[in-house]
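Residue numbers (this note's numbering), protein chains in the order written: chain W, 15 to 493; chain Y, 15 to 493. Just so you know, even glycine gets a beta-carbon here, dropped at the ideal spot from N, CA and C. Only one structure is covered here, and it is reproduced in the block below.
Number of protein chains: 2
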Amino acid sequence: MVTPMDPTSSGFLFAESRAQPMHVGGLQLFRRPEGARRTFVKDLYEEMLTFDDPAPLFRRVPHRSLATAGQWTWAEDGELDLEYHVRHSALPKPGRVRELLELVGRLHSTRLALERPLWELHLIEGLRDGRVAVYTKMHHALVDGVSAMRLLQRVLSTDPAETGVAPMWSVEHDPRRSLAPVSPVPVSPDADGPGPWGLPAGTVHSALALASEAAGLPAALGRTLARGVRNETSAVSLYAPRTLLNTRITGARRFAAQDWPMERIRGVGRATGTTVNDVVLAMCSGAMRTYLDELGGLPDASLVAMVPVALRARNAARNGQAPSARGGNAVGAVMVRLGTDEADPADRLEVVHRSMVSGKRALGEMTPAQILAMSALGVAPAVLGPMLRLPGVTRPPFNLVISNVPGPRRRHYLNGAPLEGLYPLSIPIHGMGLNITCTSYDRQLGFGLTGCRRTVPHLQRLLGHLDHELGALERAAGL
Amino acid sequence: MVTPMDPTSSGFLFAESRAQPMHVGGLQLFRRPEGARRTFVKDLYEEMLTFDDPAPLFRRVPHRSLATAGQWTWAEDGELDLEYHVRHSALPKPGRVRELLELVGRLHSTRLALERPLWELHLIEGLRDGRVAVYTKMHHALVDGVSAMRLLQRVLSTDPAETGVAPMWSVEHDPRRSLAPVSPVPVSPDADGPGPWGLPAGTVHSALALASEAAGLPAALGRTLARGVRNETSAVSLYAPRTLLNTRITGARRFAAQDWPMERIRGVGRATGTTVNDVVLAMCSGAMRTYLDELGGLPDASLVAMVPVALRARNAARNGQAPSARGGNAVGAVMVRLGTDEADPADRLEVVHRSMVSGKRALGEMTPAQILAMSALGVAPAVLGPMLRLPGVTRPPFNLVISNVPGPRRRHYLNGAPLEGLYPLSIPIHGMGLNITCTSYDRQLGFGLTGCRRTVPHLQRLLGHLDHELGALERAAGL
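Here is the structure:
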């Protein structure tokens, strides 16, 4: 059975290449439950495999042929091989976090095979501290980053005593399994599902992408972006210098991840009258400054980050935006001057803060189409690539994307194993070799840095620089 | 730079599908050297990565476009990412051979990405007995099974004290690196290289495939095969019953492997006046009988195996065959009645022995074109598939392929680590869900069983049956 594919999804398939795989990922770290059997991971793996009747979303394969006139459609995989998608792996010695990040970076480098359903889950043992990792990979044509993080939580419980929760691909999680398998184009915002973890049987894209679609993008997107990139709409553009982050990339990835206590970040915000987001951006700013300086590539002008921000439902409605079906938030994107040209941490934080305030104000003055265009940028790296090659575009519109995706506030468990860390993996593209995405969980903030292994060297060093910068910000705030 | 691809290689690319990946593999098991550092595997991996200038064969990617009129050609990978091709992995606990075979079966299931050079090497640690495994995977468009086994030996030394030997992809092993990168079609037999481990800079196919090509196949092959399959040429065909081995397969693989001492097999041969090959086939016969019987699928008629055999150079020349450049052997294929309908092990050995004798005699009576056709079958599963779908073909021409590839007789070492076992992985295709390939090494014979995970259940059981059958043959021979 062949069903249509929405334009956002097929855009990701058309944009994909060996150097630009279009999948998102998530890394979860679990502590073994007290008194767990030695075979805890193996048992978990085997239990997962018993859920061998995946929901429609996890069965579909992209299909394109003469019969579809070269357009991508969805077909159902009649020979789904669950053990291909769900794998049990181990780390080489000495089994440090370093070996884990190395493996996850490698797994994130490989393109999903288009001849099979576009997802993988890797259960990873062999960390010397006994923790267990889960790396999940889903194609952006199937799900966007925000929805992917939500999906990751579906197998978790807030009750440490609960076991046997069905894995994310199980039909048990699919509220629409008895309905028609896919909505026709265009997908309505209501398709985003009824419940908090509800999943449409079709493609899962958050309100963001759905809204872009509804507005008739990418045609409108193209026009607005072209203006923005050419600096004709001053509200959305700044001067972004060239850096090593802004070159053609390869298909190899490296991943770095670390947590910091949310309370430390909040503390700096309270003491300086700034937001958590401001402090996160200031951490990134100081870290990027040191990193580029060490490599002899710190530009004189400040780096510019593209930062997706949530807009209140009321503002969104006033601006004529489609509010999300999930409860009143719409998303826009602000171009933030990071202040990497400032030597003092407090000055950098101040620059970031002012830039965010004026950026959000500018966002309020933008037309709905402009906001949608910026929003689409945040979730749709696929459309950015072609933009960067527009005639007249001689510099990057910004240097990197920094996102902060809210995660669960309460502690979650997988078959009694507490989730200790949650880190998102994103999509570098040509011209944007590094992506920083943060996710809050429990009382910490997890940073996930996904970079091109060849053009963004020594990615791990950024973790040390981030840590150092948080300390510097605390000292500057008198903490 | 784009260079032509020979028809044998492009045949494998055209024939490939998700259910029929066209790569061969090899599994090598090494004992850790005495007094090796704890980081032996890691050090080995890092040393391998220093050889970061692969020979032309290991750099080429298949390329097809409008400009090539849809034909496959070879292009050079300008962004080769060695860490994509050479990987360091580990086994989950408890790290038995079972977990190793599970991992290797999974690695063998995945298609090589056509957008990159068609090879992978996995260095695997985590066996609880401390041994180290190497799984190597190469596309059949690049290399055939026999040449692949030879390639695997190139990194080894007969001297336990020798270290730092360049890995198989290193240009140091390539005697033609200063010459033109690839020969035009058709490749001449001389292209098979000058020395014992010599490698042409182009595609590496043994004399077998080269000879088929020179004869203008696959057109002639098609005609001859069609006659053979339709039972019009009695010399090459027997009645092969339908079994579970002879259905459509999926892309999932399982791998089973085990050694037996060559001396035990030779002992049975000496006592019964049969050859090593006869005893190997009798072991397979008894094992298949028990296996199919347990599954309730033992046919009344005997299974028929297709067995590639080496022909003496003199006979080959008399028959008008192209002798191999490598020293006078040509290869033919004999259809062997396995005697699975016989209850007694001695009777089965006798049936196999007589069938081999008459099959070799029949081979002597075949025309060169017929022999070539049969030969091509052995190395070219790609051509068999379409044949099985010819009008008028209502049964399989044989039930499985059993090959015996001679390996090194002396003990070999990798950086001081003795090679303890060597097992080939081959290519199941639609209609032929199981392939058994044996390789001699040192004083043992390694069996590699590659099967479709879905249609050939409980593959591991065959190992126990093979072992039991060798014992039964020894008792029958009065040993």
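>> Once the 5 residues before and after residue 466 of chain W are set aside, which same chain residues still bring their CB inside 7 Å of it?
In response: Residue 466 of chain W sits at position 452 when you count from the first residue of the first sequence. 263, 264, 266, 267, 442, 447.
>> For residue 144 of chain Y, which residues in the same chain have their Cβ closer than 7 Å to its Cβ, ignoring the five residues on either side in sequence?
In response: Within the second sequence, the letter at position 130 stands for residue 144 of chain Y. Closer than 7 Å at the Cβ level, and outside the excluded window around residue 144 of chain Y, lie 46.
> Taking the DSSP output, what are the residues bridged to residue 374 of chain W?
Replying inline: Numbered from 1 along the first sequence, position 360 holds the residue referred to as residue 374 of chain W. Answer is none; residue 374 of chain W lacks a bridge partner.
>> Taking the alpha-carbon of residue 86 of chain W as reference, which of W/121, W/28, W/97, W/116 has the nearest alpha-carbon?
In response: Your numbering for residue 86 of chain W matches position 72 in the first sequence. Cα-wise, what sits closest to residue 86 of chain W is W/28.
>> So, for residue 147 of chain W: in the same chain, excluding its five sequence neighbours on each side, which residues have a beta-carbon less than 6 Å away from its beta-carbon?
In response: One-based indexing of the first sequence puts residue 147 of chain W at position 133. 43, 114, 138, listed in sequence order.
> For residue 210 of chain W, does the count of other Cβ atoms within 10 angstroms reach 16, so buried, or fall short, so exposed?
Replying inline: By 1-based counting over the first sequence, the position of residue 210 of chain W is 196. Because the pLDDT at residue 210 of chain W is just 25, under 50, the model does not fix this residue reliably, and the value given afterwards should be weighed accordingly. Exposed is the call here.
> Three-state secondary structure (DSSP) at residue 291 of chain W?
Replying inline: Along the first sequence, read from residue 1 onward, the residue named residue 291 of chain W stands at position 277. It is helical.
> For residue 455 of chain Y, which of helix, strand or coil comes out of DSSP?
Replying inline: Start at 1 with the first residue of the second sequence, and residue 455 of chain Y comes out as number 441. Residue state, collapsed to three classes: strand.
> Can you tell me where the beta strand (DSSP E) with residue 103 of chain W in it begins and where it stops?
Replying inline: For the purposes of this step, residue 103 of chain W is taken as residue 89 along the first sequence, with counting starting at 1. First-last of the beta strand (DSSP E) with residue 103 of chain W: 100-104.
> Residues in its own chain within less than 7 Å of residue 131 of chain W by CB, not counting five upstream and five downstream?
Replying inline: Taking the first sequence and counting its residues from 1, one reaches residue 131 of chain W at position 117. So the list reads 72, 73, 74, 75, 91, 94, 99, once near-sequence residues are dropped.
>> Tell me whether the stretch 30-42 of chain W and the stretch 54-69 of chain W touch, counting them as touching only if at least three CB pairs, one residue from each stretch, are closer than 8 Å.
In response: no
> If contact means a Cβ-Cβ distance below 8 Å, which residues of the stretch 118-144 of chain W contact chain Y?
Replying inline: 120, 123, 124, 125, 127, 129, 130, 139, 140
>> Taking 8 Å as the threshold (beta carbon to beta carbon), is residue 317 of chain Y in contact with chain W?
In response: Position 303 of the second sequence, counted from the start, is the residue given in the question as residue 317 of chain Y. For residue 317 of chain Y, the answer is no, since every Cβ of chain W falls outside 8 Å of its Cβ.
> Cα-Cα, which of W/25, W/478, W/64, W/107 is closest to residue 302 of chain W?
Replying inline: On the first sequence, residue 302 of chain W is found 288 positions in, with the first residue counted as 1. If we check each option's Cα against that of residue 302 of chain W, W/478 comes out closest.
> Residue range of the beta strand (DSSP E) that residue 268 of chain Y falls in?
Replying inline: By 1-based counting over the second sequence, the position of residue 268 of chain Y is 254. Taken as a continuous stretch (DSSP letters only), the beta strand (DSSP E) holding residue 268 of chain Y covers 267-275.
> Terminal residues of the continuous alpha helix (DSSP H) containing residue 419 of chain Y?
Replying inline: The residue given as residue 419 of chain Y occupies position 405 in the second sequence. No alpha helix (DSSP H) contains residue 419 of chain Y, which is instead part of the beta strand (DSSP E) from 414-419.
> Can you find a CB in chain Y that lies within less than 8 Å of the CB of residue 95 of chain W?
Replying inline: Taking the first sequence and counting its residues from 1, one reaches residue 95 of chain W at position 81. Judged by the 8 Å Cβ criterion, residue 95 of chain W is in contact with chain Y.
> Where does residue 80 of chain W fall in DSSP's three states?
Replying inline: Here residue 80 of chain W refers to the residue found at position 66 of the first sequence. In this structure, residue 80 of chain W counts as helix in the three-state DSSP scheme.
> Is the beta carbon of residue 421 of chain W sitting closer than 8 Å to the one on residue 453 of chain W?
Replying inline: The residue given as residue 421 of chain W occupies position 407 in the first sequence. The residue given as residue 453 of chain W occupies position 439 in the first sequence. Contact: yes.
> Using 8 Å as the Cβ pair cut-off and three pairs as the minimum, do the stretch 426-434 of chain Y and the stretch 166-173 of chain Y touch?
Replying inline: yes
> Quick one, are the C-beta atoms of residue 312 of chain Y and residue 286 of chain Y less than 8 Å apart?
Replying inline: As a working note, residue 312 of chain Y is residue 298 in the second sequence. As a working note, residue 286 of chain Y is residue 272 in the second sequence. Not a contact, by the Cβ cut-off of 8 Å.
> Is any beta-carbon of chain W found at less than 8 Å from that of residue 101 of chain Y?
Replying inline: The residue given as residue 101 of chain Y occupies position 87 in the second sequence. Yes, because at least one Cβ of chain W sits closer than 8 Å to the Cβ of residue 101 of chain Y.
>> Using a Cβ-Cβ cutoff of less than 8 Å, which residues in the same chain neighbour residue 360 of chain W once the five nearest sequence positions on both sides are dropped?
In response: To locate residue 360 of chain W, count along the first sequence from 1; it is residue 346. Contacts found: 286, 487, 490, 491.
> Taking residue 274 of chain Y as the reference, which of Y/17, Y/32, Y/485, Y/51 has the closest Cα?
Replying inline: Stepping through the second sequence from its first residue, residue 274 of chain Y is reached at position 260. Checked all of Y/17, Y/32, Y/485, Y/51; the closest Cα to residue 274 of chain Y is Y/485.
> Just checking, does the stretch 116-130 of chain W make contact with the stretch 280-296 of chain Y on the three C-beta pairs under 8 Å criterion?
Replying inline: no
>> Below 8 Å on the Cβ atoms is my contact criterion, and I expect residue 460 of chain Y with residue 271 of chain Y to pass it. Report the Cβ-Cβ distance as a whole number of Å.
In response: Counting from 1 along the second sequence, the entry for residue 460 of chain Y is found at position 446. Counting from 1 along the second sequence, the entry for residue 271 of chain Y is found at position 257. Contact holds; Cβ gap of about 6 Å.
> Alpha carbon to alpha carbon, what distance is there between residue 276 of chain Y and residue 415 of chain Y?
Replying inline: Position 401 of the second sequence, counted from the start, is the residue given in the question as residue 415 of chain Y. Position 262 of the second sequence, counted from the start, is the residue given in the question as residue 276 of chain Y. So the two alpha carbons sit approximately 21 Å from each other.
> Taking C-alpha atoms, which residue in Y/116, Y/182, Y/33, Y/36 lies nearest to residue 66 of chain Y?
Replying inline: Residue mapping note: residue 66 of chain Y aligns to position 52 of the second sequence, counting from 1. The residue with the shortest Cα to Cα distance from residue 66 of chain Y is Y/182.
>> Spatial neighbours of residue 470 of chain W within its chain, please: C-beta separation below 6 Å, excluding the five flanking residues on both sides.
In response: Residue 470 of chain W sits at position 456 when you count from the first residue of the first sequence. Result list for residue 470 of chain W: 447, 448, in chain order.
> DSSP state of residue 56 of chain Y, grouped into three classes?
Replying inline: The count along the second sequence starts at 1 and reaches residue 56 of chain Y at position 42. In this structure, residue 56 of chain Y counts as helix in the three-state DSSP scheme.
> CA-CA distance, residue 33 of chain Y and residue 444 of chain Y?
Replying inline: As a working mapping, residue 33 of chain Y is identified with position 19 in the second sequence. As a working mapping, residue 444 of chain Y is identified with position 430 in the second sequence. Rounded to whole angstroms, residue 33 of chain Y to residue 444 of chain Y spans 8 Å at the Cα level.
> Going along chain Y in order, which residues have a C-beta closer than 9 Å to the C-beta of residue 47 of chain W?
Replying inline: The count along the first sequence starts at 1 and reaches residue 47 of chain W at position 33. Near residue 47 of chain W there are no residues of chain Y at all, since even the closest Cβ is about 17 Å away, more than 9 Å.
> Which residues, in chain order, does the stretch 28-52 of chain Y contribute to contact with chain W at a C-beta distance below 9 Å?
Replying inline: 31, 32, 33, 52
>> Cutting at 7 Å between CB atoms, please list the residues of its own chain near residue 54 of chain W, excluding the five before and the five after it.
In response: For the purposes of this step, residue 54 of chain W is identified with residue 40 of the first sequence, where counting begins at 1. So the qualifying residues of the chain are 46.
> How would you write the range of the beta strand (DSSP E) that residue 497 of chain Y sits in, first residue to last?
Replying inline: Residue 497 of chain Y lies beyond the residue range present for chain Y, which begins at 15 and ends at 493; the question has no answer from this structure.
>> As a quick exercise: from Y/118, Y/456, Y/474, Y/107, pick the residue whose alpha carbon is nearest that of residue 141 of chain Y.
In response: The residue given as residue 141 of chain Y occupies position 127 in the second sequence. For residue 141 of chain Y, the nearest C-alpha among the options comes from Y/107.
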